[in-house]
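In order, the protein sequence lines correspond to chains Z and A.
According to the working numbering, the residues represented by the first sequence are -8 to 251, in order.
According to the working numbering, the residues represented by the second sequence are -8 to 251, in order.
Virtual Cβ for every residue (Gly too), placed ideally from N, Cα, C.
Below: one structure, written as structure tokens.
There are 2 protein chains.
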Amino acid sequence: MDRQSSAALSEPSAASSDVADGRLDNFTRKLLSHSLLSTDDQRAILTLPFSLRLLGPNEYILREGEQARVCPLLLSGFAYRHKLVADGGRQIVALKIPGDPLDFQSLYLRRVDHNLQALTAVELAVVPLAALEKMAMERPAFARAVITDILVEASIGREWLVNIGRRNATARLAHFLCELVYRLNQTASPPADESDVPLTQEQLADLLGLTPVHINRTLKRLEEAGAVRRKGRRLKVADFAMLCRIADFSDLYLHRGNVG
Amino acid sequence: MDRQSSAALSEPSAASSDVADGRLDNFTRKLLSHSLLSTDDQRAILTLPFSLRLLGPNEYILREGEQARVCPLLLSGFAYRHKLVADGGRQIVALKIPGDPLDFQSLYLRRVDHNLQALTAVELAVVPLAALEKMAMERPAFARAVITDILVEASIGREWLVNIGRRNATARLAHFLCELVYRLNQTASPPADESDVPLTQEQLADLLGLTPVHINRTLKRLEEAGAVRRKGRRLKVADFAMLCRIADFSDLYLHRGNVG
DNA sequence: TCGCAAACTTAACCTGTGTGAATGTCTGGT
DNA sequence: ACCAGACATTCACACAGGTTAAGTTTGCGA
């Protein structure tokens, strides 16, 4: 239970500064999933200044109460937002996948209200907030995309509320898996072995408001039903359609066709 | 259980158009709770064009799937966002109090992803999206305030996730009451009888991911402890400090001092 | 290759919350 | 002043999911 791992993100100080092309492709693609951007805008985004940062699993990216002056973009790997409660419990409140911006919020709010932690090993493109502000100023479509991204994340949060508040363990787990597949199918650069779920059972529990033991039971049932497959510690989605049925899944809240 | 009440909000068509001064005070004050606005900006906001709309309890303001072309501001009364799930359950995902804007989201997202319903009788100032867009264009501080408002609502949503996912019924209810008092104490125009809770037990249940019966039990316990008082159907907060203790409440997530 | 920690699995038992149903009590409209 | 419908209250019982506590497997680092 290595939850307290270290290495918070500091300023763009002494970091290896890569302006390597192509690293921000993921990010651009993510924005395009809900926003319109001219090819000129897209090119401009690719030239955003950033420093590359590599973090191991469980390292903290941002801590509650901090003031951030940079915005990390998740180039590869997974990360999540979470909050801790008095009795030691924790709730994961958002899962971020490759391509996702991790902290647009700090452009507007002074203090971070949650923790942001690497789930797997991650590559981050750390962009100074000033550069984002400048680009938002000069390019209205980019500014719009930023806000849209914030709103889509908020919408996902609302659906999670419904999931945790009103669905039983089976439907809840199935719903999360559906969302994950949907989201991965539009931004992950390597669709490699798409339906692989990168979370441990304990993390799934923290995400779904359940206990690890009950996640295990539920997973077992989903596997018996054929909706899911497990080999060793790897969890895979086996029958997406079945999961959608179990979860009564609808993708409206992901706002995919927003600009289509 | 009059959940299916009617009267969705249409366009600013045939509505009584009031430019009456002072009606948008609440709204300005709400923005000021998290954003800086020059007196000039504030004056400008008060001149936003709107039509006044009165709705009764339970009337729908917005429905999932719609495309909105106006943004209602909640002048008086309470409203809430909610989503329904297959088996008939429903989850309230946000509670809006006087002064709150109800749908900034539609400035950026094409389709509404949840239902918005009046909790009590409400007065709405219905502002055309175009007017908001214009003002955001001309006044960067206003644009900033809009986004900040969106972000604060998202932050509240994350705290609700923690609440529902990780706290037991007592702490959960207490936490919600703390939040309500906090929020009312900064924007409600008449602090009249401040700690009055305008929700039925069924609504509290839908908000907290519990059942009405269990809300009743929990309320009873909170009353015995002296944290809450009830006369007839009215629920009041009696001991705010005690509630905070029970809930392990911290107000960081409300971002009050954001610009202080 | 071994050893060890993290992750997973399973079982037995417990409890907080859900269910269903009956009854009581407000409150606004006539 | 009354009535009807909406709310609230209570009870007895059921069960989903939590708790505790062993195990077992997996995979990584020495």
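Anyone know if the C-beta pair for residue i and residue j falls short of 9 Å?
i, j, result
"Q108(Z)", "A70(Z)", "yes"
"K21(A)", "G68(A)", "no"
"L39(Z)", "V143(A)", "no"
"P119(Z)", "R34(Z)", "no"
"L28(Z)", "A132(Z)", "yes"
"L199(A)", "F240(A)", "no"
"A127(A)", "L93(A)", "no"
"I36(Z)", "L15(Z)", "yes"
"L175(A)", "I52(A)", "no"
"Q194(Z)", "L110(Z)", "yes"
"D140(Z)", "H25(Z)", "yes"
"R130(A)", "A160(A)", "no"
"I138(Z)", "I138(A)", "yes"
"A145(Z)", "A145(A)", "yes"
DSSP puts residue i in a beta bridge; with which residues?
i, result
"D187(Z)", "K227(Z)"
"Q108(Z)", "Y51(Z), Y71(Z)"
"P119(A)", "V61(A)"
"P92(Z)", "L64(Z)"
"Q82(A)", "K74(A)"
"K222(A)", "R225(A)"
"L43(A)", "A116(A)"
"K291(Z)", "The structure shown does not extend to residue 291(Z), since chain Z spans only -8 to 251, so no value can be given for it."
Which residue's Cα is closest to the Cα of residue i: the options?
i, options, result
"L255(Z)", "L243(Z), V172(Z), Y244(Z)", "In this structure chain Z extends from -8 to 251, so residue 255(Z) is not present and cannot be described."
"L245(A)", "E193(A), L190(A), R149(A)", "R149(A)"
"A229(A)", "S241(A), A216(A), G223(A), F240(A)", "A216(A)"
"A255(Z)", "L142(Z), L164(Z), Q192(Z)", "Limits of chain Z in this structure are -8 at one end and 251 at the other, which puts residue 255(Z) out of reach."
"R247(A)", "L23(Z), H25(Z), R102(Z)", "R102(Z)"
"F231(Z)", "T30(Z), E214(Z), L15(Z)", "E214(Z)"
"V219(Z)", "L23(Z), T19(Z), T202(Z), D187(Z)", "D187(Z)"
"E50(Z)", "D78(Z), Q82(Z), D94(Z), N106(Z)", "N106(Z)"
"R158(A)", "L201(A), I138(A), D78(A)", "L201(A)"
"D32(A)", "A136(A), P203(A), G56(A), P48(A)", "A136(A)"
"G223(Z)", "P203(Z), Q192(Z), A134(Z)", "Q192(Z)"
"V84(A)", "E170(Z), T161(Z), I147(Z), K125(Z)", "I147(Z)"
"R236(Z)", "A122(Z), G80(Z), C169(Z)", "C169(Z)"
"R54(Z)", "N249(A), V250(A), L243(A)", "L243(A)"
"L252(Z)", "D78(Z), L190(Z), D104(Z)", "Outside the displayed range of chain Z (-8 to 251) lies residue 252(Z), so it cannot be described from this structure."
"A302(Z)", "P63(Z), G79(Z), G56(Z), R81(Z)", "In the structure as shown, chain Z begins at -8 and stops at 251. Residue 302(Z) is therefore absent and cannot be evaluated."
"D78(A)", "V204(Z), A162(Z), N249(Z)", "A162(Z)"
"T19(A)", "Q177(A), Q82(A), P203(A)", "Q177(A)"
"R81(Z)", "L210(Z), K211(Z), Q58(Z), P203(Z)", "P203(Z)"
"G56(Z)", "D104(Z), L23(Z), P48(Z), T30(Z)", "D104(Z)"
"N249(A)", "L23(A), K211(A), R212(A)", "L23(A)"
contact_flag[the segment 102 to 116 of chain Z, the segment 36 to 48 of chain Z] where n(CB pairs < 8 Å) is 3 or more: yes
Cβ contact (3+ pairs, closer than 8 Å) linking the segment 74 to 87 of chain A and the segment 150 to 161 of chain Z: yes
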